[in-house]
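Residue 2 is where the sequence shown starts when you use our numbering, and the numbers rise one by one after that. Note that CB positions come from ideal geometry on N, CA and C, so glycine has one too. Computed from a predicted structure; not experimentally measured. Read the structure below first, then the notes.
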Amino acid sequence: MDILYQIRARQDSFSAGEGRIARLMLEDVGFAASASLEALSQRAEVSTATLSRFARSVGCRDLRDLRLQLAQASGVGSRFLDPAGLPEQSAFHRQILGDIEATLRQHLSGFNQASFVDAVSLLGKARMIHAFGMGGPSSLCSDELQVRLVRLGYPIAACHDPVMMRVTAATLGPEHALIVCSLTGLTPELLDVVELARNYDARIVAITLADSPLAQLADVLLPLQPAETSFIYKPTAARYGMLLAIDLLATELALAMPDDNQERLRRIKLALDDYRGGPDSLPLGD
2 MDILYQIRAR
12 QDSFSAGEGR
22 IARLMLEDVG
32 FAASASLEAL
42 SQRAEVSTAT
52 LSRFARSVGC
62 RDLRDLRLQL
72 AQASGVGSRF
82 LDPAGLPEQS
92 AFHRQILGDI
102 EATLRQHLSG
112 FNQASFVDAV
122 SLLGKARMIH
132 AFGMGGPSSL
142 CSDELQVRLV
152 RLGYPIAACH
162 DPVMMRVTAA
172 TLGPEHALIV
182 CSLTGLTPEL
192 LDVVELARNY
202 DARIVAITLA
212 DSPLAQLADV
222 LLPLQPAETS
232 FIYKPTAARY
242 GMLLAIDLLA
252 TELALAMPDD
262 NQERLRRIKL
272 ALDDYRGGPD
282 SLPLGD
């Protein structure tokens, strides 16, 4: 249960005393979760009986259940609970750009050339490559891997559906490679299918946080860096780190066989020119 939503949704129906309890809990969730009943009563200027009625009115069994729900709500972090100071438009435009630039530099310095060499070797030996990702950026980036690698002649298929990922993982073997994209490395469905694929000796390349459970399952890790700020309204800049990892990996794979890949890219350019026309500088179907 989302206790903060339940309290906000019922504010118009509370009595005066219950209204003071509601305001106290919404303004200081941490205090409401950890304070004694006596302290709560004194600050809200209500009796313990009123606190008990309030707990039942918001859907809790009793005061203990209410405090448990508040403790869980306070665990999401202060940046999602405290009133937000909103910057001017020009300021947050600059902040977004600055965060992107900072995370790209941070990721570039955190990458190890040897990891990309190992990934190129692993993928080059694979009979088939699968790219898995769930969620917004991770799903997009698994598709991006397919776009990057198919033009270099690598057999690759992207998948985001948890059931299909499980089915696919059950068919893999030592001759297959799995690239897994995850900004957190915590998604249970991804961890399950990676463990399943490992049971059948598939090789794993993970693009994820270095200290995550997913990273521990990988044969080769391309590590991501945390990139969150207190400005909760903008998209995470960490996804640019994932895109950088993919661009570096794709370029390393292309340069592993430069002559063959130049010919493949020439064919793609010829096919696209015949289809759409346009100047020579247009991208190859991006």
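Cβ-Cβ distances below 7 Å link M26 to I8, A33, L71 in the same chain, with the five nearest sequence neighbours on each side left out; the list follows chain order. For F133, the enclosing beta strand (DSSP E) starts and ends at 129–134.
A171 and A127 have their alpha carbons spaced roughly 16 Å apart.
Note: H177 is bridge-paired with M129 in the DSSP secondary-structure output. With a cut-off of 8 Å on Cβ pairs, the stretch 63–77 is not in contact with the stretch 168–188, counting fewer than three such pairs. If only uninterrupted alpha helix (DSSP H) runs of at least 4 residues are considered, those enclosed by the stretch 148–209 are 163–171, 189–200. With a cut-off of 8 Å on Cβ pairs, the stretch 127–147 is in contact with the stretch 162–178, counting three or more such pairs.
Put simply, of N113, L266, T51, P214 the residue whose alpha carbon is nearest the alpha carbon of R149 is L266. If one requires a minimum length of 3 residues, no beta strand (DSSP E) run lies completely within the stretch 228–267. For secondary structure counted as the alpha helix (DSSP H) over 4 or more consecutive residues, the stretch 19–63 holds these complete runs in sequence order: 30–35, 38–45, 49–58. With 16 or more other Cβ atoms from the protein chains shown falling within 10 Å of its own Cβ, G134 counts as buried. Out of I4, D3, S35, A45, the CA that lies nearest to the CA of G20 is found in A45.
When the five nearest sequence neighbours on each side are left out, the beta carbons in the same chain lying within less than 7 Å of the beta carbon of H161 are those of G134, M135, S140, S143, in order along the chain. The DSSP-derived three-state label of P280 is coil. In the structure shown, the three-state DSSP call for V121 is helix. Pairwise C-beta distances place the stretch 99–106 in contact with the stretch 222–237, as three or more of them are shorter than 8 Å.
Following the DSSP letters along the chain, one finds L223 inside the beta strand (DSSP E) bounded by residues 221–225. H94 counts as exposed, since fewer than 16 other beta carbons sit within 10 angstroms of its beta carbon.
Only residues of its own chain outside the window of five on either side were considered, and among them G18 have a CB closer than 6 Å to the CB of T51, listed in chain order.
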